Structures are given as C-alpha cells and as structure tokens.
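To start, the structure under review is shown below, and the notes come after it.
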Amino acid sequence: MQLFKTPNIRFLKYKYVALGIAFAIVLAGVLNIAVFKGLKLGVDFGEGTLLRVVFKSPSNEGHIRDLLQTVGLGKSQVQKSGTSGREFQIRAVESVRTKPNDQDQLEAHEALADKIIEALRGDDGAAERARGLIDLNTLDEKSLTALLESSFPGSGPESARAILAQRNKTGIIASFQELSGLKPEVRTYLQDKTYLGGMTVLSRETVGPQVGSDLRRKAVQATIWSLLGMLVYIALRFKLEYGVAAIFTLAQDVLITMSIYSFTNREINLPIIAGILTIVGFSINDTIVIFDRVRENQKLLRGKPLEEVMNVSLNQCLGRTIITSGTVFLTVMALFLFAGDVINDFAFLMLLGTIEGVYSTIYMSCPVVLFWQRWFKPKNAGRR
Amino acid sequence: MKKNLQWKVVLAVAVVAVSIFLAYPFNDAKIKRGLDLKGGIHLVLKVRTDDAINIETDQEIARLEELFKKNSITYAKVTKEGLGRIAVQGALADQEGKTRDLFDEYSRDWDYSFVGDRANLTLKQLAVQALRDQSVVQAKETIDNRINTYGVSEPIIQRQGNDQIVVELPGVDDPDRVKELIKVTAVLEWKMVKAGPAPDEATLLQATNGQVPDDAEVLKGDPKRGQGGFYLVDKVAIVTGKDLRTIRRTTDEWNNPAVAFSLNSDGGARFEQVTGANIGKQIAIILDKKVQSAPVVEARISRAQGGVIQGRFTPEAADDLVTVLKAGALPAGIDYLEERTIGPALGADSIRQGLIAGLVAIVAVMIFMVVFYKLAGFNAVFALILNVVILFGFLAYFKAALTLPGIAGIILSIGMAVDANVLIFERIKEELAVGKGVASAISQGFSRAFSAIFDSNLTTIISAVFLFQFGTGPIRGYAVTLTISLVANLFTAVFISHLLFDLTVKKSAKKLSV
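Here the protein sequences come in this chain order: A and B. For the first sequence, the working numbering assigns the number 384 to the last residue and increments by one with no breaks. For the second sequence, the working numbering assigns the number 1514 to the last residue and increments by one with no breaks.
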C-alpha cells in the first residue's frame, strides 16, 4: 500500500513563520513560568505530603474541602482521580518552611497528613471501635492472619490473602457481600469482629526539603548530561552543526512541553520527567532519520543548495514520518483513553509531544543547520 | 539454505531461547515490579554521623581520665569542647613530657597541642572521616539485620551518597511499625534509681536542693510503656544491651507480653552484685534514654537467672523490642528525609489499566502494520513480539524492576521499533519503485535504512546511559528498560527482520508483498 506519491512540498520556505510561532509559544511559556503562574512542582520536587485516599461511597471535592476546612486545612489541593468518584488526591499545601531543620520539617508534613486523614475519617467507625471492633479496611496482613488463625487454625493465611486480594482490587471493601468467596463461617466471624471503615489511604508520600531539592538537582543534572551525550555523538557521526541543531531542537521540545504543563496547571513530578525524556527520545529519533537522509542526499545531489536537499529529504521521508508518528499517536491515544490516572498525565504529554517532535524536526533542526552554514561557512553557503 | 543463513538462524533462535529461559515462568519472582506497581515502603534516611564523633569524644575522655589516674598525672579536669575536641585543664605544664608520651602511645587518632597548663586534643580529620563512614556502614548493617528479623522478602537497603540510606520494602503494609523499628537507636541500659518517679523535675530534685548531682541524670518515663514522670538515675549503667546473652519474648505473671533476657558472665556478675546490695531499691530499665519500667529489686538476681522487662507491651511491641535488641544498637541516630507508602491497591489499579491500554495499543499497531504492509507487516509484528520477549528476559536477568516510568521507556522503544520497520519497508518500496529487483531492493532497503536506525537508537541509548548514571529512582528505571529494549530493537528490527525476508522471499521472486 502506498500512502501517496512522494510529494514536493517546499517545507523550508516557511521556516521564518514557523520559527516565529515556536518562538512565540516558548516565550509565552517561559514568561508564564517565570513571571505568572510558575511551574506546579509535584511532591517529588517540591516538598510536603501527597495523599491518595479512597472512600467507601462516592464523594466530591467540595465536600472533602469542607471537611478539611474544619481543621483549618481548607487550602489543601483536592483532586478527584479515577472514574469511580471515590478516589481523591490531596496535597497539603501548608508546606511553607516553618521548622529550622529537615527532620522537624518532615515531621511537620507528616503531622499535617495525619491531621488530614483524621479530618476525613471524622467520627466514622468510632462507635464500632468503642465496641471493640477492628477496621477490616485498614488491617495489615500480619494482624489479619493472626486474627483469623486464632479462630480458624490452619486456614488463617489463606483466608487473609483472599480478603486482601479483594480489598486490593479497589483499595476498600464497601460491604461484606464482596467477600462472598469466603467460607460462610469466616464471613460471619468477620462481621462479628470487624467493621468496614469508610476510608482507606491508598498511598502517602512525604518528601522533606533536602530530598526535594536533591531530586530537583539530580533530574536537571541527568537531563543536561544526557543532552550533552547526544550532542557529542551526533556531532561525531554527522557534523558539529547537526549536533548543535539537535540540542536546539531538544531545548524547544523540553521548553514547549514545560510551557504546556504550566498553562494546563499540571504537576511536574518524577514520572513526568520520564515523559518529557520520552518526547525528547521520539524527537531525536525523528531528527536523526531526516539528518541521515540529508547526509545521503548530499552525496547524490551534489551542487544543489542545502535547503533544497533538505526539502527533498523531508519529502522523501514524509510517508515514513506520517506512518510512524501516526502509529505512536494512536498508541498514546489508547493510553490516554483507557489507562488510569497515573498514566493519564503522561499520555496527555505524549499526545502533544509526538506532534511537537515532528514539527521541531522540520522547523528547528533543519533551519539551525541552514543558518549555521550561512553564518559560519559563507563561502560554500548552501553548497557542498 | 546458504551457510551463513544457517548461522544467523541459530543465533536468532539462541537469543530468543535464552530470553525465554531467563523470563520463564513469567511471574513475580522473575519480573520484579517496582514499588509504584507492587506497593510497599520507600524510605530515605540520614545517619546523624555527628553522633559517632560525639561517642568517640566521650570515650576518649573516659580513656584519658583512666590513663591519667593510672600514670598518676595530676590534672584539674578533662572537658569536651565540641565535636572531636577535648581540653585537659590544670597543672599539666610540669608533666608535659610524660603526657606527650601517653598521647603518642594511646591517642594516635588525636592531634594535640599544649598551651600553658592546658592540653588541646583534636580528632584527626582522617579519623573523623573514618568514623562517619563506619557509622553509616554499621547503621546499614543494623537496619539490614532488623529488617531481616522482622521478615520482609527482598528488601533493598542501599547506601546513597555520604550519609544517606535508602530502604525499600516491597509489599509491607504497616509503615508506622517499620519506621519505628528502623529508627529506634536501641541502646538498652539498666541503672539504679536515686529518686522518682516524680510528676515534674522540681519535685524530683527537692531532696537534692534543685541540683542534679554530678553522678546522676534526669530521665523521662516512656509514655508508650505507660510510664509517666521523671526519674533521677545514676549516670553509670550497671549493665547495657552489650551484656545481653539471650533475649526472647515471653509473658509475665499476669500473662501480658514481656521480654525475657539473660546476661553474659561479665554482666551477670555485676548484675548479681548490684542487685544483692540494693534490695528494696528501684532499678530503671532504660531504652534510648526513656525509662521503660522501674521495678523494685526484691532479691539478689543470680547471674544465671536473668530477668524480665515488663511494661504494657502489645505483642507486636514486645516482638519489635526483641528484634532491635538482637540486631544491636544503631551507632548513630537517624532522621527520615523521605517517606513513601504505596498501598497495593494503587499499583494494582495502574497495572490493570496500563495492561489494558498497552494491549490495545500494541494490537492496534500490529493490525496497522499487517494491513499497511501486508506480508511484510507480519515480519514487523514478529520482530515486535520478539523484542518484548528479549526485553523481559533481560529485565529478569538484570533483576531490574518494572516501574511506571519503565513502561514509558517500553512505549518509546516500541515506537522506535515500529519506526525501524517503517523506515526499512518504505526504503524497500522506494527501491522497487525505481525498478530494482526484489532481492536487491530488500538488501538495499535494509542497508540504506540501517544508518538511520543505528544512529537514532544509539543516540537514545547514550542518553539513557547518562540518565542511569546521574538519575534517581524512577528515572533510572526508565533508563534501564529503554536501554535493554533499544538494544533488543537493533537486533530484532534489523537482524531478525532481515533474516525473515531472506528465509521467506525466494531469490527469483518477481513481486514482494510490502
């Protein structure tokens, strides 16, 4: 099957317009980051506590904020996650540095998290606890096994595992009916000895100030080193200007994705760095494919200006670019639509990134090489 | 079949077979899941290495005092001036030579200088470094022991940087208990009680006119053990955790959980003598400077007898005390810098959703390749499957954990694998379009597309290596999966795919399904 006959689009005719657009986006983004909204740092790079909780019955952000208001934490960020309406992410924002040393600061974050959990739990289960019942939704495996083993010797571990497997499906057991797989006597026993708490904590991440800045520094360091590594390799395999062009391209990729993050108010955390690096990876792949074709065509089309060689190469590779990017775009679309919350942010980033990567190859990589040759090698400008 | 084709087939089959062997059976033990997918606890802690220097300084002071006494050197007092700094004051001037000899012989880790009637000792920089380093190494070992006794499968306990330790405990769902277990210094001491318990310090010190005697110190009771109030106890311990011979959980006479201990002969002798001389008085059992209980000595406790530590223990708390005492004390205090607890439900969700999405995506890509490139598309699909097989084989071999960012790395590599095939097929089409024969179009297509595939994969591998070198946790997981699958990609997309063409397309073929 052929997508189309090799076309003859003069891509680079529009390089100034295209560069202008890219520059405008980057400028707006940088301004937005530096002057206005800033980057929203996730708990990895900022500091503080991120809680993920699940409720037995659906709730909403407003209600949770009201609960937090009662303990003076109304400013915390509350975000619904998942589709069940029962899961929420809460980031305690009262994370201004109040304590002199790291350890105390971390403990202050932890205390805040405890306070949030307490506020969300309210007096749920207080009556049951007063009767000596245990919350089955927060019981750990060892204690549950011990509890069951004491009344059903021999089958304790097995039943405990079955209960936990059920609990781990959603993070919370909403009613004893969900445990229909258990032996009736075990279920009756549990109903007798335990109750089902209204909320469980799915995850709890606290990052102290030192680690936050460590992680920030290391992420930047790792990114810069890996960019330099690419520059050196491309400069060796192609020419210096191609390496430089690749770095410009990647800088644009990183800046534009960061800008989009800043505009859409999404949080930057460690997995997102992996996402940005993935975009950079696709983009560099695209750029090298084009550069490779240019390298080849320079031998075949001797005497032609570089700009024309580039246009020919871009056109020859257009089918491949559309097929590859299209496939990746579809893949990521699947992730965006079907995958859960944790991946959703990443997929969103990738959707934009695949398009941006192609754009940056055509309108950043190629023009930079052109300009370089024009400025630094005026004698054979565009000629080789 | 041509001879070199035979060898290629053998190589391809061998690599794939080894990968399957490494990853089989495809389960949790083989393909490890990272904490973000499996759930568990991730802790970063910092060892207070200053503590080690402090202890060394205190011990040096004690050593000096004993040395001076033994060698009848007169002095006013030995004082601690700071971290690794000691001053000996008073009347040393006329005994300088003798003192120098002592310092040279017994205090080799210390630099000294004499100023008037005073000697200043400073711990050598090299010794300071060694002590700090040692304290981190020891702390790591101690934590290792405690975690092992507690029972966690496949814990990761690693040193990070100068004074940090990373602890990863997959599958553990009781963070508070584990944090406490790691954190307690576990210095256990038995000391005679001079006064107390009293509700506050003023009441406690009434008998001594509000002064703390030189040989005593004030300690608080441990609220967790139901001990309130303040105690005035001897500075010098009768016995310490180092004198323990055995320790185990038991129950006391009211059937409450308690901890039974017995002492070694040296400690047992001291304990026997002190208890014999102090019948009717209280002995405080102190853990990390907090009084656990202060029973009254009712009779002389013989060295074989040992004793029981009581104090409103829960069964878990009693177990944990046994664990930490067995593993030994930490050489220095620790602080937490980062604490993450990921519940198993969160990871389970991510996996289920990620799996569905990933499968949908891969199947979509495969269908597309077959529809678009027909028979050649099957080549690509086959190469893609082998790529994933090899990836999991080597993930298992390197014992690298699969994490969410790692999945991102896999997506990138799958994208690049598809791209490699597209590049080759498009190139073959171009060669066919200019009128080349099938066989030469295939070999030209592969060789022309090779440089682009090689350069782009290698560039990304280079960047991944740097990410691994300089990155942390999740970024490293990303780098590992990416590197493995890109290397696999070069092998499957170029070598195996080419081989498949050679095996399936006849040399004399007039048409190629691409």
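No residue lacks a Cβ here, since even glycine has one placed at the ideal position from N, Cα and C. All values derive from a computational prediction rather than experimental measurement.
Selection G1415/B, V1167/B and L1423/B evaluated against I1453/B yields L1423/B as nearest (Cα-Cα). In this structure, DSSP gives T206/A an extended state, which the three-state scheme calls strand. Around the beta-carbon of I1279/B, fewer than 16 other beta-carbon atoms lie within 10 Å, marking it exposed. E1056/B is classed as buried because its beta carbon has at least 16 other beta carbons within 10 Å across all chains shown.
Partner residues in the beta bridge of I1247/B, as assigned by DSSP, are F1261/B. Here A162/A has G181 and L182 as same chain residues with Cβ atoms under 7 Å from its own Cβ, once five neighbours each way along the sequence are excluded. Residue pairing by DSSP places A1284/B opposite K1191/B in a beta bridge.
DSSP, reduced to helix, strand and coil, places Y16/A within a helical segment of the structure shown. For Q1310/B, there is no enclosing beta strand (DSSP E), as DSSP gives it neither H nor E. Around the beta carbon of T1185/B, a 10 Å sphere encloses 16 or more other beta carbons of the protein chains shown; the residue is thus reported as buried. Closest by C-alpha distance to N1120/B, out of P1155/B, S1135/B, K1080/B and Q1129/B, is K1080/B. The DSSP-derived three-state label of W1007/B is helix. Non-local C-beta neighbours of F291/A in its own chain, meaning closer than 6 Å and more than five positions away in sequence, comprise F238 and Y242, ordered along the chain. At a cut-off of 9 Å between C-beta atoms, P271/A counts as an interface residue with respect to chain B. Between A1376/B and V1514/B, the C-beta gap is smaller than 9 Å, which places the two residues in contact.
About 6 Å separates the CB atoms of L1188/B and L1325/B; that is less than 8 Å, so the two are in contact.
Take T1122/B, set aside five residues on each side of it, and the residues of its chain with a beta-carbon closer than 7 Å to its own are G1084, R1085, W1110 and D1111, in chain order.
Against chain B, the beta carbon of G85/A has no neighbour under 7 Å; the closest one sits roughly 14 Å away. For the segment 1169-1183 of chain B, residues whose beta-carbon sits nearer than 7 Å to a beta-carbon of chain A comprise D1173 and D1174. Shown here for V1274/B: same chain residues with a beta carbon closer than 6 Å to its own, the five before and five after excluded, namely I1238 in chain order. Distances from the alpha-carbon of G1409/B to those of V1418/B, V1015/B and L1486/B put L1486/B closest. Put simply, the backbone Cα of F1468/B is about 45 Å away from that of L1244/B. One Cα belongs to P1331/B, the other to G48/A, and the distance between them is close to 29 Å. With respect to chain A, the C-beta atom of I1414/B has a partner C-beta closer than 9 Å. Scanning its chain for C-beta atoms nearer than 6 Å, with the 5 sequence neighbours on each side dropped, one finds around G1445/B the residues I1424, R1427, I1428 and E1431, in chain order. Spanning the alpha carbons of A1023/B and Y1397/B requires a straight line of approximately 8 Å. With respect to chain B, the C-beta atom of L335/A has a partner C-beta closer than 9 Å. In the pairwise beta carbon analysis, the segment 1345-1356 of chain B is classified as touching the segment 1032-1044 of chain B: at least three pairs are separated by under 8 Å.
Interface with chain B (9 Å Cβ-Cβ cutoff): S151/A is excluded.
Listed in chain order, the non-local C-beta contacts of R1146/B below 7 Å within the same chain comprise L1181, I1182, T1323, V1324 and A1327, local neighbours out to five positions each way being set aside. Under the three-state reduction of DSSP, P153/A is assigned to coil, being neither helix nor strand. The beta-carbon of A1464/B is placed less than 9 Å from the nearest beta-carbon of chain A. When the Cα atoms are used, Q221/A and W1190/B turn out to be separated by approximately 51 Å.
Considering only beta carbons, the part of the segment 1394-1409 of chain B lying closer than 9 Å to chain A consists of T1403, L1404, P1405, G1406, I1407, A1408 and G1409, in chain order.
Exposure of L1126/B is indicated by the presence of fewer than 16 other C-beta atoms within 10 angstroms of its C-beta. F11/A and S325/A have their C-alpha atoms spaced approximately 18 Å apart.
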